[in-house]
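Trainee: So the protein lines, in turn, are chains A and B. So the first sequence is residues 3 to 320, counted in the working numbering. So the second sequence is residues 10 to 263, counted in the working numbering. Glycine included, every Cβ here is placed at the ideal spot set by N, Cα and C.
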Amino acid sequence: MVLVYSDNKKLVFEMLNVAVELGKNTKKEVIAVIIGKSDESLAREYISYGADNVFIAETNFETFKAEEYTDILSKVVEETGADTILIGSNKNGKELSARLGGILNAGCVVDSNNIYIKDNNIFAERVVYSGNAIAILKFNSKPAIITIPPKAFDPLKKDEKRKGEITKKKIEAEKSQSKILKVQELKSEGVNVEDAEIIVSCGRGFKNKEDIKLVNDLADVLKGKTVGCSRPIAADLKWLSEDHWIGLSGHKVKPKLYIAAGISGQIQHIAGMRDSGIIVAINKDPEALIFKSADYGIVGDLYEVIPKLTAAVKEKMG
Amino acid sequence: MNIIVCAKQVVDVSEMKFDSSTKKPILQGVSQKISDIDKNAMEEAIKIKDKHGGKITVLTVGPANAKERIKELLAMGADEGVLVVALDNIDYHMTATLLAEAVKKIGEYDMILCGEASVDLFSGQIGPRLAGLLKIPQITYAMKVTAEKNSVTAEQNMGKNVVTSESTYPALITVTKEINEPRLPSLMQILGAANKPINEYTAETLVKDVKPVVETIDLKGVSMERKNVIYKNDLDESVEQLVNSLAKEGVLGG
Ligand SMILES: Cc1cc2nc3c(=O)[nH]c(=O)nc-3n(C[C@H](O)[C@H](O)[C@H](O)COP(=O)(O)OP(=O)(O)OC[C@H]3O[C@@H](n4cnc5c(N)ncnc54)[C@H](O)[C@@H]3O)c2cc1C
Ligand SMILES: Nc1ncnc2c1ncn2[C@@H]1O[C@H](COP(=O)(O)O)[C@@H](O)[C@H]1O
Numbered sequence: 003m004v005l006v007y008s009d010n011k012k013l014v015f016e017m018l019n020v021a022v023e024l025g026k027n028t029k030k031e032v033i034a035v036i037i038g039k040s041d042e043s044l045a046r047e048y049i050s051y052g053a054d055n056v057f058i059a060e061t062n063f064e065t066f067k068a069e070e071y072t073d074i075l076s077k078v079v080e081e082t083g084a085d086t087i088l089i090g091s092n093k094n095g096k097e098l099s100a101r102l103g104g105i106l107n108a109g110c111v112v113d114s115n116n117i118y119i120k121d122n123n124i125f126a127e128r129v130v131y132s133g134n135a136i137a138i139l140k141f142n143s144k145p146a147i148i149t150i151p152p153k154a155f156d157p158l159k160k161d162e163k164r165k166g167e168i169t170k171k172k173i174e175a176e177k178s179q180s181k182i183l184k185v186q187e188l189k190s191e192g193v194n195v196e197d198a199e200i201i202v203s204c205g206r207g208f209k210n211k212e213d214i215k216l217v218n219d220l221a222d223v224l225k226g227k228t229v230g231c232s233r234p235i236a237a238d239l240k241w242l243s244e245d246h247w248i249g250l251s252g253h254k255v256k257p258k259l260y261i262a263a264g265i266s267g268q269i270q271h272i273a274g275m276r277d278s279g280i281i282v283a284i285n286k287d288p289e290a291l292i293f294k295s296a297d298y299g300i301v302g303d304l305y306e307v308i309p310k311l312t313a314a315v316k317e318k319m320g
Numbered sequence: 010m011n012i013i014v015c016a017k018q019v020v021d022v023s024e025m026k027f028d029s030s031t032k033k034p035i036l037q038g039v040s041q042k043i044s045d046i047d048k049n050a051m052e053e054a055i056k057i058k059d060k061h062g063g064k065i066t067v068l069t070v071g072p073a074n075a076k077e078r079i080k081e082l083l084a085m086g087a088d089e090g091v092l093v094v095a096l097d098n099i100d101y102h103m104t105a106t107l108l109a110e111a112v113k114k115i116g117e118y119d120m121i122l123c124g125e126a127s128v129d130l131f132s133g134q135i136g137p138r139l140a141g142l143l144k145i146p147q148i149t150y151a152m153k154v155t156a157e158k159n160s161v162t163a164e165q166n167m168g169k170n171v172v173t174s175e176s177t178y179p180a181l182i183t184v185t186k187e188i189n190e191p192r193l194p195s196l197m198q199i200l201g202a203a204n205k206p207i208n209e210y211t212a213e214t215l216v217k218d219v220k221p222v223v224e225t226i227d228l229k230g231v232s233m234e235r236k237n238v239i240y241k242n243d244l245d246e247s248v249e250q251l252v253n254s255l256a257k258e259g260v261l262g263g
């Protein structure tokens, strides 16, 4: 059995693609799991994207807590006899999958975008050493737990006529010793750097939050309209929301043009943008690491360079 | 308050060299360091100890030479180190199992602190795995921790939400890079660290017969070749050249 679970339904649609492939190779059924309130219309959607069956684990827990959800999921694993478990790689999914691995003494590979079967073994590949290498990992025992990041796979074509069974079961889980006191939604500016064709990114070379306008202006004339940033701009300074954050711990992007301004080019930033088409760096320090990862660069003060570049691009593009 | 800080020795990824033909990273001879965010975990432990008193133990599963790295954390303010000398081909399952057994051997503890993820493998697995093995609550991605006598509260950065959680002890907390600024030990502290104890265990004394469930078969290299054309003369000229180059590359607009 191949289980698929995420609290993000889009991720489930994407993962079902891989699950169906793995299921075909091992002649196993694909089961999508819903934890929480029963939602049959969602279950039917999962079936139309490739799930053979849907298991709805009904619980009274209102919010996600890794301890409780792990307990529930481990019971679903037991119930279904699943040997492959695919979990959506958002923060909830990662902590859930790792804890599940601990409890089941099972292998877990986080953030894999390439999963295959060879000689009856499951292999998963993932980026390691901040993008410097790809590890080929082989599972030696079952179950195999793998988390899959967003956009690693496209969903299959939706087929409303597909049939599948929906199983509902109330699952009792042990209550955790921890409590959630408050959930506060983080402000998001709704940018989608993953899909952007052109990204202009800013880093700590910017002195004030207001100065980010410079990047906005350049992004505008480039018709890219997408602004990215390094971790400190989003996480420390909070000048931009986290949907702009690019890098190892942020979003992975591959625009055709990536412009990094006032970004030093530490490997953790590069890890998020190394697959870009053309990389341009603007930095006042000629020794800045970013120039090693760039196709083109200008050594200079971004406060002088960006306005000039914006004007020149505008002129060129007419 | 007894606190255990899990710290990993990692290769310095920014100093990696590559085989010119295979593009594979050459792991031998790369300098080693404590994974960045584990120093944030250490700093947080010191702050909690400053408030409540108690003891901080640094726990590492790693090669014998990790002892030198543990000393850096002893210099920062840990009281004691524990090194579990690991086997080759170790995977997350084994590391977490060894950590769990070492924690049991250390005995009384209120809190375990880990980094949100290690800088070399960046999985964020060990914290939740260990919490699962020890059957204790886990609070991940903490960007603020407030430890009280009988409970701990933390603000977690969960991506879309900031979640404020509270737990009784014992609890495992993983911290983000932004939680604090790790201190640099003084020369006196560095010298003083030489007298603090580091207990060593072999893996075999802690667990019999633990095998990897995930095996690393190979590392594929990835090439990052870039043109590296840098304009550094007259600014107006540089900007013009850059725009022309970008136009030629076909990346300007449409
Ligand atoms: C586990 C881990 C995960 C991480 N994940 C990420 C991640 O996902 N994304 C990320 O970005 N970082 C990440 N980091 C942090 C990363 O290591 C760097 O600290 C960060 O990328 C640095 O951001 P920066 O380049 O904006 O700032 P800095 O390193 O401070 O660089 C600022 C640059 O601006 C230049 N500058 C200053 N003034 C000017 C000026 N007037 N004109 C032109 N240039 C100027 C300086 O020369 C310098 O190069 C991670 C770190 C760790 C340990
Ligand atoms: N070998 C190890 N020894 C001690 N702690 C570790 C080890 N590996 C990982 N950790 C801890 O687990 C965190 C997450 O690591 P990882 O799961 O590799 O991303 C690290 O920041 C450490 O706190």
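With a threshold of 6 Å (Cβ to nearest heavy atom), would Val219(B) be considered close to ligand 2?
Mentor: Stepping through the second sequence from its first residue, residue 219(B) is reached at position 210. Not under cutoff, so the answer is no.
Trainee: When you compare the CB of Ser264(A) with every CB in chain B, is at least one pair closer than 7 Å?
Mentor: Position 262 of the first sequence, counted from the first residue, corresponds to residue 264(A). The question names Ser, but residue 264(A) in the sequence shown is Gly. Answer no: the Cβ-Cβ gap between Gly264(A) and chain B never drops below 7 Å.
Trainee: Using the Cα positions of Ala273(A) and Glu249(B), report the straight-line distance between them to the nearest angstrom.
Mentor: Along the first sequence, read from residue 1 onward, the residue named residue 273(A) stands at position 271. Along the second sequence, read from residue 1 onward, the residue named residue 249(B) stands at position 240. If I take the Cα positions, the gap works out to 29 Å.
Trainee: Between Ser132(B) and Val20(A), is the Cβ-Cβ spacing less than 7 Å?
Mentor: Counting from 1 along the second sequence, the entry for residue 132(B) is found at position 123. Counting from 1 along the first sequence, the entry for residue 20(A) is found at position 18. Against a cut-off of 7 Å, the Cβ pair of Val20(A) and Ser132(B) comes out as no contact.
Trainee: Over what stretch of residues does the alpha helix (DSSP H) that includes Ala53(A) continue unbroken?
Mentor: Counting from 1 along the first sequence, the entry for residue 53(A) is found at position 51. Premise fails: Ala53(A) is in no alpha helix (DSSP H) and is neither H nor E.
Trainee: Any Cβ of chain A within less than 7 Å of the Cβ of Gly141(B)?
Mentor: By one-based count along the second sequence, residue 141(B) stands at place 132. Answer yes: the Cβ-Cβ gap between Gly141(B) and chain A drops below 7 Å somewhere.
Trainee: Step through the CB atoms of chain A and report whether any lies within less than 7 Å of the CB of Leu181(B).
Mentor: Taking the second sequence and counting its residues from 1, the one referred to as residue 181(B) is at position 172. Cβ-Cβ to chain A under 7 Å: no for Leu181(B).
Trainee: So, helix, strand or coil for Lys77(A), using DSSP?
Mentor: To locate residue 77(A), count along the first sequence from 1; it is residue 75. The answer is helix: DSSP assigns Lys77(A) an H, G or I state.
Trainee: For Met152(B), I'd like the list of residues in its chain whose CB is within less than 6 Å of its CB, leaving aside the five on either flank, ordered along the chain.
Mentor: Counting from one through the second sequence, the residue named residue 152(B) turns up at place 143. The answer, listed in chain order, is Glu164, Asn166, Thr185, Glu187, Ile188.
Trainee: With a threshold of 6 Å (Cβ to nearest heavy atom), would Ile65(B) be considered close to ligand 2?
Mentor: Against the second sequence, residue 65(B) aligns to sequence position 56. For ligand 2, not one heavy atom lies less than 6 Å from the Cβ of Ile65(B).
Trainee: Could you give the C-beta distance for Glu97(A) and Ser114(A), rounded to a whole number, given that I count them as a contact under 8 Å?
Mentor: Against the first sequence, residue 97(A) aligns to sequence position 95. Against the first sequence, residue 114(A) aligns to sequence position 112. Actually they do not touch by this definition, with Cβ atoms about 17 Å apart.
Trainee: From Val20(B), Met51(B), Thr173(B), Gly136(B), pick the residue whose C-alpha is nearest to that of Thr155(B); which is it?
Mentor: Taking the first residue of the second sequence as position 1, residue 155(B) is located at position 146. Among Val20(B), Met51(B), Thr173(B), Gly136(B), the Cα nearest to that of Thr155(B) belongs to Thr173(B).
Trainee: Return the Cβ separation of Ser180(A) and Thr149(A) in integer angstroms, given the expectation that the two are a contact with Cβ distance under 8 Å.
Mentor: Within the first sequence, the letter at position 178 stands for residue 180(A). Within the first sequence, the letter at position 147 stands for residue 149(A). Wrong, their Cβ atoms sit about 22 Å apart, outside the cutoff.
Trainee: With a cut-off of 8 Å on the beta carbons, I'd call Ile33(A) and Met3(A) a contact; round off their distance for me.
Mentor: Locating residue 33(A) in the first sequence gives position 31, counting from the first residue. Locating residue 3(A) in the first sequence gives position 1, counting from the first residue. Right, their Cβ atoms sit about 6 Å apart.
Trainee: Taking 7 Å as the CB-CB cut-off, is Glu16(A) touching chain B?
Mentor: On the first sequence, residue 16(A) is found 14 positions in, with the first residue counted as 1. No, no contact with chain B.
Trainee: Closest to Val22(B) by CA distance: which of Ile79(B), Pro206(B), Asp129(B) is it?
Mentor: Start at 1 with the first residue of the second sequence, and residue 22(B) comes out as number 13. Cα-wise, what sits closest to Val22(B) is Asp129(B).
Trainee: Mind checking which residues open and close the beta strand (DSSP E) that includes Lys171(A)?
Mentor: The residue you call residue 171(A) lines up with position 169 of the first sequence. 167-172 is the span of the beta strand (DSSP E), which, as asked, contains Lys171(A).
Trainee: Asn123(A): beta carbon under 6 Å from a heavy atom of ligand 1?
Mentor: As a working note, residue 123(A) is residue 121 in the first sequence. No, the Cβ of Asn123(A) stays beyond 6 Å of every heavy atom of ligand 1.
Trainee: Pick from Lys286(A), Phe155(A), Asp297(A): whose alpha carbon is nearest that of Arg235(B)?
Mentor: To locate residue 235(B), count along the second sequence from 1; it is residue 226. Nearest C-alpha to Arg235(B): Asp297(A).
Trainee: Run the proximity test for Arg233(A): is its beta-carbon closer than 6 Å to any non-hydrogen atom belonging to ligand 1?
Mentor: In the first sequence, residue 233(A) corresponds to position 231, counting from 1. Yes - ligand 1 has a heavy atom lying nearer than 6 Å to the Cβ of Arg233(A).
Trainee: In angstroms, rounded to a whole number, what distance separates the CA positions of Gly192(A) and Gly230(A)?
Mentor: Indexing the first sequence from 1 puts residue 192(A) at position 190. Indexing the first sequence from 1 puts residue 230(A) at position 228. Straight-line Cα distance between these residues: approximately 12 Å.
Trainee: Leaving out five residues on either side along the sequence, give the residues of the same chain with a beta carbon under 7 Å from the beta carbon of Asp161(A).
Mentor: Taking the first sequence and counting its residues from 1, the one referred to as residue 161(A) is at position 159. Hits under 7 Å: Ser50.
Trainee: Just by C-beta distance, which residues in the stretch 34-56 of chain B are closer than 8 Å to chain A?
Mentor: If the cut-off is 8 Å between Cβ atoms, the stretch 34-56 of chain B has Pro34 near chain A.
Trainee: Can you give me the C-alpha to C-alpha distance between Thr177(B) and Ser160(B), rounded to a whole angstrom?
Mentor: Numbered from 1 along the second sequence, position 168 holds the residue referred to as residue 177(B). Numbered from 1 along the second sequence, position 151 holds the residue referred to as residue 160(B). Answer to the nearest angstrom: the Cα atoms are 4 Å apart.
Trainee: Is it the case that the Cβ atoms of Ile65(B) and Asp88(B) are separated by a distance below 7 Å?
Mentor: Sequence index remark: in the second sequence, residue 65(B) carries index 56 (1-based). Sequence index remark: in the second sequence, residue 88(B) carries index 79 (1-based). Contact: yes.
Trainee: Against Asp245(B), what residues of chain A qualify as contacts under a CB-to-CB distance less than 9 Å, listed in chain order?
Mentor: Against the second sequence, residue 245(B) aligns to sequence position 236. Ordered by position in chain A, the residues that pass the 9 Å Cβ test against Asp245(B) are Lys310, Ala314.
Trainee: Which runs of the alpha helix (DSSP H) spanning at least 4 residues fall entirely within the stretch 48-114 of chain B, listed in chain order?
Mentor: With a minimum length of 4 residues, the continuous alpha helix (DSSP H) runs that stay inside the stretch 48-114 of chain B are 75-85.
Trainee: Hey, is His271(A) close to ligand 1, as in C-beta under 6 Å from one of its heavy atoms?
Mentor: In the first sequence, residue 271(A) corresponds to position 269, counting from 1. Yes, the Cβ of His271(A) comes within 6 Å of a heavy atom of ligand 1.
Trainee: Whose C-beta lies closer than 6 Å to the C-beta of Lys30(A) among residues of the same chain, with five residues either side of it excluded?
Mentor: As a first step, residue 30(A) must be located in the first sequence, where it is residue number 28. If we look at Lys30(A) and ignore the five residues flanking it on each side, its Cβ neighbours are Met3, Val4.
Trainee: Name the one or two DSSP bridge partners that Lys286(A) has.
Mentor: By 1-based counting over the first sequence, the position of residue 286(A) is 284. In the DSSP output, where bridge partners are listed per residue, Lys286(A) has none listed.
Trainee: Quick one: what does DSSP say Asp227(B) is sitting in, helix, strand or coil?
Mentor: One-based indexing of the second sequence puts residue 227(B) at position 218. Residue state, collapsed to three classes: strand.
Trainee: Thinking C-beta only, is Leu36(B) closer than 7 Å to Val70(B)?
Mentor: Here residue 70(B) refers to the residue found at position 61 when the second sequence is read from its first residue. Here residue 36(B) refers to the residue found at position 27 when the second sequence is read from its first residue. For Val70(B) and Leu36(B), no; Cβs fall outside 7 Å.
Trainee: At a CB-CB cut-off below 9 Å, which residues of chain B make contact with Leu188(A)?
Mentor: For the purposes of this step, residue 188(A) is identified with residue 186 of the first sequence, where counting begins at 1. Ordered by position in chain B, the residues that pass the 9 Å Cβ test against Leu188(A) are Asn166, Met167, Gly168, Lys169, Asn170, Val171.
Trainee: Within the present structure, is the beta-carbon of Ile46(B) separated from the nearest heavy atom of ligand 2 by less than 6 Å?
Mentor: Within the second sequence, residue 46(B) is the residue found at index 37, counting from 1. Under cutoff, so the answer is yes.
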